[in-house]
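For reference, the structure discussed in these notes is given below.
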DNA sequence: CATTTTGATATGTTGAAATATATCATTAAA
DNA sequence: TTTAATGATATATTTCAACATATCAAAATG
C-alpha cells in the first residue's frame, strides 16, 4: 500500500465509476492491462507520473500542481468531486435518475 | 525525455526557484538525492507518483486531479503561478525582504 | 433454495525495463 | 573557495506487461 497516493488512487477510481467505465473498458481505451488498473486503484503500486497523467486524461481530468493556500478555493470550485472523503453518497437527486456525462 | 510530464517537471522547477531553494537544499529537506531532483526537473526520468506528491508538498504544492472543464477557472484562480511561462519576475515587494512561509 | 453463468474486479507470477539511490566527477557561477 | 547544477557509473528495488486465476456480486436457471 502506497499511502502517499491513496487519495489519487481513490479519485481515479471514483472518476472512472462516474463515467460508468469498467476497468476493462478503460484498459482498452488507453492500452493498459486491466490488472494493472486494479492495482493502481488500490494503491498497490506506485504508478509512474506519466501513467497518472495518461489515466487522468482518459477520465477527463488534469493533473495540476496547486499552491497549498489555494487548495480550499479549488476544492470548492470543483465541488471536491474528485476528492475522496466526499463520497457523494446516494446524494443523487431523486429527479435525476441518470447522471453520466458531467463534463462539457 | 518523458514528454507527458514535462509541464510538471517545469512547474516543480519553477516552484523551487520561486522559493529560492537550491536542489541541494530541497534534497536535504526531503531526503532525495540532489542528482535525482535534477533528472526529475529535466523530465529525464518518469518519477513515481508518490515522489511527485512528496516533492510537490515540500514546495507547498498539492497534486490535484481537476476536471478538464474546470482547468481554465483553476488556472485563473491560482494565477498560473505554477505554470511555466509565468516566471513572476522580481515582483517581490520592496518592503518584504524575506518571504518564506506563505501558507497560513 | 441451490446452482450456475456472467461480468467485473482482485491477486499472483515471470521476465524485461526503468527508477531510486549513492557516489564521484565536471562545469559554471557567486 | 564555496555553492549549485549536471552527468556518469554501479547496485538495489520496483514498475510494467502478459497471462492465468481467484474472488465477488448479480442474474438466470434448475
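Residue numbers (our numbering), protein chains in the order written: chain A, 12 to 115; chain B, 12 to 115. For every residue, glycine included, the Cβ atom is placed at its ideal position computed from N, Cα and C.
Contact test: residue i Cβ vs the ligand GTP heavy atom, cutoff 8 Å
i: residue 72 of chain B; result: Although the ligand GTP was asked about, the structure shown includes no ligands whatsoever.
Residue i versus the options, residue with shortest Cα-Cα distance
i: residue 40 of chain B; options: B:66, B:83, B:28 and B:49; result: B:66
i: residue 83 of chain A; options: B:89, B:25 and B:83; result: B:89
i: residue 52 of chain B; options: B:86, B:23 and B:74; result: B:23
i: residue 79 of chain B; options: A:64, A:48, A:45 and A:47; result: A:64
i: residue 68 of chain B; options: B:30, B:15 and B:17; result: B:30
Terminal residues of the beta strand (DSSP E) in which residue i lies
i: residue 77 of chain B; result: 72-78
Below-9 Å beta-carbon distance, residue i vs any chain A residue
i: residue 78 of chain B; result: yes
i: residue 75 of chain B; result: yes
i: residue 23 of chain B; result: yes
i: residue 19 of chain B; result: yes
i: residue 36 of chain B; result: no
i: residue 32 of chain B; result: no
i: residue 102 of chain B; result: In this prediction, residue 102 of chain B has a pLDDT of 38, which is less than 50 and means its spatial position is unreliable; what the coordinates show is noted afterwards. No, its Cβ sits nowhere closer than 9 Å to a Cβ of chain A.
Bridge-paired residues (DSSP) for residue i
i: residue 59 of chain B; result: A:59
CB-CB length for residue i against residue j, believed under 8 Å
i: residue 20 of chain B; j: residue 54 of chain B; result: 4 Å
i: residue 61 of chain B; j: residue 13 of chain A; result: 5 Å
i: residue 76 of chain A; j: residue 72 of chain B; result: 4 Å
Within-9 Å CB hit, residue i to chain B
i: residue 60 of chain A; result: yes
i: residue 47 of chain A; result: no
i: residue 15 of chain A; result: yes
i: residue 69 of chain A; result: no
i: residue 41 of chain A; result: no
i: residue 114 of chain A; result: Residue confidence is low: residue 114 of chain A scores 40 on pLDDT, short of 50, so the model does not pin down where it sits. No coordinate-derived value is stated.
i: residue 28 of chain A; result: no
i: residue 55 of chain A; result: no
i: residue 50 of chain A; result: no
Host alpha helix (DSSP H) of residue i (start-end)
i: residue 49 of chain A; result: 45-52
i: residue 85 of chain A; result: 82-89
i: residue 38 of chain A; result: 34-41
i: residue 22 of chain B; result: 17-29
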